[in-house]
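Undergrad: Submitted below is the structure of interest, expressed as structure tokens.
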Ligand code: ZN
């Protein structure tokens with residue numbers, strides 16, 4: 007059957023080719039893509055082109071966006087959705103704003119007694135419920151490796167969380183998933199992390215203690231680890247890893263372990 011969408015897609019892809027040289031260079035600069043199959047990389051390549059066609063990347067003064075940077079950003083943005091077929095989960099926002107540095111953003115919080123608190127928080131990223139995603143450039147440049155840090159995936163995980171309302175750590179689950187299993191896995195890991203930090207705010211935690219900030223941050227931070235340090239996340243919170251694997255329909259831990267077995271540069275633990 008003829009489909010307008012498929013035709014339109016084809017046209018966008020044909021009009022925005024990525025040269026083989028640029029592709030090699032960018033993929034080579036993103037270790038978190040290592041071990042993906044040729045089929046997955048081909049799909050990611052198409053999705054990245056469509057992403058760059060659909061989203062406006064606004065660079066504030068101080069940020070120089072080259073074709074290479076745009077592609078790097080788009081590939082990391084699309085990695086989480088690689089196996090989430092045609093759900094259109096990024097349809098709800100149109101712009102990514104790149105700040106030259108971490109930024110101050112006015113924060114407001116009304117406590118249970120009704121008192122309004124306002125303060126300036128230092129941020130490297132932000133995702134608004136109905137609005138753009140804001141990313142600080144140094145954080146974008148520092149993303150892409152297996153170090154348990156990925157600002158792009160972190161902020162876009164907030165967007166996935168917001169698909170069904172406020173960011174609360176519960177994105178729309180697939181039909182074969184169970185909300186109780188999700189809630190139990192997330193809550194017990196969150197409580198565990200929280201208890202450690204309650205006892206000692208400076209405690210060494212297996213994952214970034216920022217995850218204990220609230221359930222939304224817990225989902226964003228664990229999503230970040232899922233794709234950029236799956237071994238660390240799996241070791242600390244195997245149930246959380248399992249829920250995220252069901253949600254993203256990917257298994258980066260197996261991919262990383264295969265790399266560690268077959269590639270000399272992965273043999274050393276990172
Ligand atoms: Zn966050």
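Numbering (my numbering), first residue to last: 7 to 276.
We put the CB at the ideal spot given by N, CA and C, even for glycine.
Determine which residues share a DSSP beta bridge with residue 103 and list them.
TA: 64 and 140
Undergrad: To the nearest angstrom, report how far apart residue 225 and residue 185 are at their CA atoms.
TA: 14 Å
Undergrad: DSSP on residue 257, reduced to helix/strand/coil?
TA: Residue 257: coil per DSSP, three-state reduction.
Undergrad: First and last residue of the alpha helix (DSSP H) that includes residue 185?
TA: 185-205
Undergrad: Considering only C-alpha positions, which residue in the set 68, 88, 95 and 61 is nearest to residue 47?
TA: 88
Undergrad: Could you check which residue in 107, 68 and 60 has the C-alpha nearest to that of residue 84?
TA: 60
Undergrad: For residue 5 and residue 168, I'd like the C-alpha separation in whole angstroms.
TA: Residue 5 is absent from the model: the chain starts at 7 and stops at 276.
Undergrad: For residue 236, I'd like the list of residues in its chain whose CB is within less than 6 Å of its CB, leaving aside the five on either flank, ordered along the chain.
TA: For residue 236, same chain residues with a beta-carbon under 6 Å away, outside a window of 5 residues either side, are 258, 259 and 262 in chain order.
Undergrad: Is the region 69-86 touching the region 14-33 in the sense that three or more CB pairs, one from each, lie closer than 8 Å?
TA: yes
Undergrad: Report whether the distance from the Cβ of residue 54 to the nearest heavy atom of the ligand ZN is below 6 Å.
TA: no
Undergrad: Could you spell out where the alpha helix (DSSP H) holding residue 34 opens and where it closes?
TA: 26-34
Undergrad: State the Cα-Cα distance for the pair residue 297 and residue 28, rounded to the nearest angstrom.
TA: With the chain covering 7 to 276 only, the question about residue 297 has no answer from this structure.
Undergrad: Can you have a look at residue 228 and say buried or exposed, based on whether 16 or more other CB atoms are within 10 angstroms of its CB?
TA: buried
Undergrad: Is residue 242 near residue 213, with beta carbons less than 7 Å apart?
TA: Yes, the Cβ-Cβ distance between residue 242 and residue 213 is below 7 Å.
Undergrad: Counting only beta-carbon separations shorter than 7 Å, does residue 33 have a partner in chain D?
TA: Of the protein chains in the structure, only one exists, and it is not chain D.
Undergrad: In chain order, what residues place their C-beta within less than 6 Å of a heavy atom belonging to the ligand ZN?
TA: 160, 164, 223 and 226
Undergrad: Let me check understanding here. Comparing Cα to Cα, which of 90, 42 and 19 lies closest to residue 255?
TA: Answer by Cα proximity: 90.
Undergrad: Using the three-state DSSP reduction, which class does residue 146 fall into: helix, strand or coil?
TA: helix
Undergrad: Considering residue 228, what are the terminal residues of the alpha helix (DSSP H) in which it resides?
TA: 221-234
Undergrad: Only counting the same chain, and skipping five residues up and downstream in sequence, which positions put a Cβ closer than 7 Å to that of residue 231?
TA: 154, 213, 238 and 239
Undergrad: Using the beta-carbon count (16 or more within 10 Å), is residue 145 buried or exposed?
TA: Taking all protein chains shown into account, residue 145 has 16 or more neighbouring C-beta atoms within 10 Å of its C-beta and is therefore buried.
Undergrad: By Cβ distance, which residues of its chain are closer than 7 Å to residue 246, with the 5 residues on each side in sequence left out?
TA: For residue 246, where only same-chain residues beyond five positions count, the Cβ hits under 7 Å are 191, 192, 195, 228 and 239.
Undergrad: Going by the beta-carbon positions, is the gap between residue 38 and residue 234 smaller than 7 Å?
TA: Here residue 38 is near residue 234, since their CB atoms are less than 7 Å apart.
Undergrad: Nearest to residue 170 by CA position, among 67, 21, 96 and 249, is which residue?
TA: 96
Undergrad: Does DSSP put residue 74 in a helix, a strand or coil?
TA: Under the three-state reduction of DSSP output, residue 74 falls in the helix class.
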